[in-house]
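Here is the structure we will look at.
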Amino acid sequence: MEPKNYMNFSELGLSQKVLSAVEASGYTTPTPIQAQAIPHVLNRRDVLGIAQTGTGKTAAFTLPMITMLEQGRARARMPRTLILEPTRELAAQVEESFIKYGKNHKLSIALLIGGVSFDDQDNKLMRGVDVLIATPGRLLDHHERGRLLLTGVELLVIDEADRMLDMGFIPDIERICKLVPFTRQTLFFSATMPPEIQRLTETFLSNPVQIEVSRPASTVNNIVQKLVATSSKDFEKREVLRKLLTDAGAIRNAIIFCNRKRDVALLHKSLVKHGFNAAALHGDMDQHARTAALEAFRKGETTFLVASDVAARGLDIPEVSHVFNFDAPYHAEDYVHRIGRTGRAGRTGEAFTLVAPMDKKSIDAIEKLIGQSIEWLGAEQSSVELPSSNTEVTGAREPRDGKRRGRRGGKGRKPGNRASAPERTETSASAPERTENVPPVRNAEQKTAPRPQSGVSSDASQLPAFLHRPVNLKPREPVS
Ligand code: AMP
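Just so we're aligned, residue 0 is where the sequence shown starts under numbering that gives the first Met the number 0, counting upward by one.
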């Protein structure tokens, strides 16, 4: 069926109370996923939405759910609806959405996420909840303690399913799907449809309406993207980054992505030492610290947020002017998600990716996925020798030398799982480092001509101008 082109919210079948909350939020026109999904959700159909964050998918399920919840009442320990989110931040964001759009309702909402006391959550469950928003692990913990019955769930939302897969949550999701009534309505959202996700939808959705909005690749048009050549040495990468942060233009605020949690912490420390107003966000931080870092960034008190993929995935931080990939992401889809933090809601944004010679394969995959080649800032190079030797603080006892260590070759992964087993933000204590499946280190001389000879200082005239400028650094410090 060709989707009808709904021009305003009042045509979608939402209740008056919900419509007035939408109006108060300032939104006038439904986004494509909202226009296409809301009428089906209200008709009690299962929905398979292939959409990423930034498309308005949260309201696509929140608004009809609030409308439907106007009928009926919650009972103790038996939530009426359940929303599964891969991370605590996303869960909290969905809660905010229910609060915003449910301001004319007396909804009882509970958030079951790790890092928060069981007792408070338990008290809330006891009083009966209309909307339960949970990360899978914590939900199952409550269920196993006998504090929660899932037999009253009328509607189940599985959000960011591909990220759940990345985080190893699929077995938990399967368990939860078996604990909720067979007759429930299911809304399932995923940015991509790898085979494991496809299988899940075949098992747990009943004759779903499939809605696909703007494939990830097509969402990056309003973002200026640039590749920046670096060597693979971390201290040099940090210097290139600092130069970018200083010289790249008007940076209102920026998210800087690293592939690994420990690199987030290191880079954050280094940036702060160099006088940048930066905060860190990764899965090993406790919930309080994560929330505080996010809030400070949202409010503009912090300019730079150094983050890992999982921690930042799907976060709704409007008006991020720049994204920097300190590490080229291992997975092309992560690139799309990362740069999608900027250029939201029709705004423009800029995204810079540091590229070491060994990242070439990742960049090829990214360019293939987005269907365009990304311009280099300056010339493409296999190695970069930075202009002045006095610009880097070299006292750091770096554990790494540019080569990636700790490779475990994906051992223990389930067959067919998408290639990463990144940090599991729910249970930070056991969160594995995202070191598996690191692509093999490539020889700097591999293909791509013409290039300066490996190991030889690259032609200085090919460097972007800002890399020639001297940098004012503080006196030597132990970690750079
Ligand atoms: P989401 O994809 O749910 O993360 O939403 C992305 C952003 O779009 C959020 O800031 C929403 O508040 C915003 N948004 C959602 N629906 C609309 C709409 N109909 N018009 C404009 N912005 C919207």
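Built from N, CA and C at the ideal position, the CB exists for glycine as well.
Just so we're clear, the structure is a prediction, and the values are computed from it rather than from any experiment.
Short of 6 Å in beta carbon distance, which residues of its chain neighbour residue i, apart from the five on each side in sequence? Order them along the chain.
| i | result |
| --- | --- |
| L566 | One cannot answer for residue 566 here, as it falls past the ends of the chain, which runs 0 to 479. |
| P21 | For clarity, residue 21 is Val in the given sequence; the question names Pro instead. Closer than 6 Å at Cβ, skipping near neighbours: F8. |
| E173 | none |
| I365 | A331 and Y334 |
| L155 | L81, V179, R183 and T185 |
| D121 | R146 |
| M77 | L148 and G151 |
| Q209 | L47 |
State the start and end residues of the unbroken beta strand (DSSP E) segment that holds residue i.
| i | result |
| --- | --- |
| N502 | Only positions 0 to 479 of the chain appear in the structure, and residue 502 is not among them; the question remains open. |
| V305 | F303 to S307 |
| E10 | No beta strand (DSSP E) contains E10, which DSSP labels as neither H nor E. |
Between the options, which lies nearest to residue i when the distance is taken from Cα to Cα?
| i | options | result |
| --- | --- | --- |
| S107 | T80, D118, I365 and E88 | T80 |
| M6 | K16, V17 and Y26 | Y26 |
| N252 | V305, A291, L265 and Q209 | V305 |
| A34 | S19, S24, G53 and G12 | G12 |
| L376 | Y329, G342, V239 and R259 | V239 |
| V130 | T54, E159, P180 and I65 | I65 |
| H104 | I316, Y329 and K16 | K16 |
| T28 | A58, T182 and K359 | A58 |
| D283 | S269, V263 and R297 | V263 |
| T341 | L314, L139 and L353 | L314 |
| R268 | K298, E300, F234 and D285 | The question names Arg, but residue 268 is Lys in the sequence shown. When each option's Cα is compared against that of K268, the closest is F234. |
| V482 | R126, E88 and G101 | As displayed, the chain neither begins before 0 nor continues past 479, which places residue 482 out of reach and without an answer. |
| E10 | S96, P38 and P356 | P38 |
| Q51 | H287, E159, H281 and Q371 | E159 |
| A228 | T61, A36, A355 and S361 | A355 |
| L280 | F181, I255, D363 and H273 | I255 |
In the DSSP output, which residue or residues are listed as bridge partners for residue i?
| i | result |
| --- | --- |
| R74 | M77 |
| C257 | S307 |
| A109 | L131 |
| A350 | Q224 and V322 |
| F188 | G48 |
| L280 | A306 |
| L83 | A133 and I157 |
| E211 | I49 |
| T182 | T182 is not bridged to any residue. |
| E374 | K225 |
If you drop the 5 nearest sequence neighbours on each side, which residues of the same chain put their C-beta closer than 8 Å to that of residue i?
| i | result |
| --- | --- |
| F275 | R241, L244, T302 and F303 |
| L18 | F8 and S9 |
| A23 | K102 |
Grab me the residues of residue i's own chain with a C-beta within less than 7 Å of its C-beta, minus the 5 sequence neighbours each way, in chain order.
| i | result |
| --- | --- |
| I338 | V219, I222, Q224, V322 and A350 |
| H142 | L149 and L178 |
| L110 | A90, A91, E94 and I132 |
| E153 | R79, T80, R183 and Q184 |
| S14 | T66 and E69 |
| F465 | Summary for F465: the model assigns pLDDT 42, below 50, so the residue's position carries little reliability; its value from the coordinates is reported in the next sentence. The residues are K242 and D246. |
Between which two residues does the alpha helix (DSSP H) holding residue i run?
| i | result |
| --- | --- |
| V40 | P31 to L41 |
| V152 | Counting along the chain, V152 falls outside any alpha helix (DSSP H), and DSSP gives it neither H nor E. |
| K232 | From DSSP, K232 is part of no alpha helix (DSSP H); its letter is neither H nor E. |
| Q286 | Q286 to R297 |
| E22 | Q15 to S24 |
| D121 | F117 to R126 |
| S205 | Taken as a continuous stretch (DSSP letters only), S205 belongs to no alpha helix (DSSP H), as it is neither H nor E. |
| Y334 | A331 to I338 |
Cβ of residue i versus every heavy atom of the ligand GDP: is any distance shorter than 6 Å?
| i | result |
| --- | --- |
| A58 | Ligands present in the displayed structure are limited to the ligand AMP, and the ligand GDP is not among them. |
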